[in-house]
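A quick write-up on the structure given underneath.
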Amino acid sequence: MMKPAIPQKTYTHHQGGHCESGTVSSLVKNYGFDLSEPMAFGISSNIGFVYLPFIKIWGRPLLAWRMIPQSIVRGVQKRLGIRLRITTYDNEQEAMEELDRLLDEGRPVGLQVSIAYLTYFLGNFRIPFNGHMTIVNGREGDEYVVSDPLYDNPARVHRDDLRKARFAKGPNAPKGFMFYPLEIPETIDYKKAIKKAVKHVPFMMLQPMFPYYGILGIKTFARKFRKLKKDPDRKRVRAFISHVVIFQEEQGTGGGGFRYMYAAFLREAYDILKIPDLLEASKKFNAIGDMWRQAAATCGKFIQGKTDEVDLDRAADLYLECARAEKEAYLLLKKIKWK
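Sequential numbering of the sequence shown, starting at -15, is according to the working numbering.
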């Protein structure tokens, strides 16, 4: 049975650990459905790893520790049965008019935007990243009230800047992407949803064919550090390592952060289902998060000028240890006996 998703009379801002999971969690909470951010992240099977040296972002290899933008939105809808209205637009004016209409009705909405045009971001962080998710929950004159989960408090952005952010060009172009809840299930079979979500992760991360994704991808990425030892261009080496540190820990949630969030999801899943292996896996992913942070710190000392040379073998060993530990954790998830 479904019931209408009715927005709360008073909007409540919630800070989160990651833009999309935080946006989805906060938005549905403000429509009367209690969904934690770790549950939004985990139920959509969003943990991952991809290293694509042949696809360039700002001239450097694509790196990601989670699935693609919009996958949490669509994963929560699919696994939990929350009916969302999801729309993209070809016409910018139509998209802004529809946003205004919904806000005037008292409906907060989630948007995909480019950070480059969000003036409440500090200058160094206003990068041309088109996969950012946030919530708009009101408007006054030519300004919109933005409830961004990455910030302590709501912010404001001018209409022209928000329009540009919604229709930025380039990789992951938002195309006006907007979503909000229409209907919410009265009851949810969490056992079924969690089982599907957890089983999908080792299936993807342990895949044996593609050397740039999952455990194989982490190993390919680690071996890149050994290859850098033979590169005589130290400026190029420094640029690559800077790129790794920025993508892994500075821009967004980061490699360690996503592992901590998945650990929190597994703990919540254990609290619901009482399956001991879920609790054990949660502990493993917390430790794995620490390992990713340690690897990033090793590279970061070089970037910060605390050492003249990065120990490339040490960095490679740390990332290979991440791969080993993650494989062990995914094998544990794979063998869970579901009650």
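Where a beta carbon is used, it is the ideal one built from N, C-alpha and C, also for glycine.
All of these numbers come straight from a predicted model, not from anything done at the bench.
The Cβ-Cβ distance between Asp145 and Leu102 falls below 9 Å. DSSP, reduced to helix, strand and coil, places Gly59 within a helical segment of the structure shown. In this chain, the beta strand (DSSP E) harbouring Arg44 covers 44 to 50. In this structure, the straight-line span from the alpha carbon of Asp295 to that of Arg220 is close to 16 Å. The closest CA to that of Arg147, considering only Lys159, Ala139, Ala265, is found on Lys159. Taking all protein chains shown into account, Arg298 has fewer than 16 neighbouring C-beta atoms within 10 Å of its C-beta and is therefore exposed. Assignment of beta-bridge partners to Met245 by DSSP yields no partner.
If one requires a minimum length of 3 residues, the beta strand (DSSP E) runs lying completely within the region 140 to 227 are 162 to 169, in chain order. Counting along the chain, Lys40 sits inside the beta strand (DSSP E) bounded by residues 31 to 41. If you ignore the 5 residues before and after Arg58, its C-beta comes within less than 6 Å of no other C-beta in its own chain.
By the Cβ-count criterion, Gly154 is exposed, with fewer than 16 other Cβ atoms from all chains shown falling within 10 Å of its own Cβ. Closest in alpha carbon position to Gly273, among Ile99, Tyr246, Leu262, is Tyr246.
When the Cα atoms are used, Arg63 and Ser20 turn out to be separated by approximately 14 Å. Taking a 10 Å sphere around the C-beta of Lys268, we find 16 or more other C-beta atoms and assign the residue as buried. Annotated as proximal: Leu317 and Lys183, with beta-carbon spacing under 9 Å. For Val228, same chain residues with a beta-carbon under 8 Å away, outside a window of 5 residues either side, are Leu47, Ala280, Cys283 in chain order.
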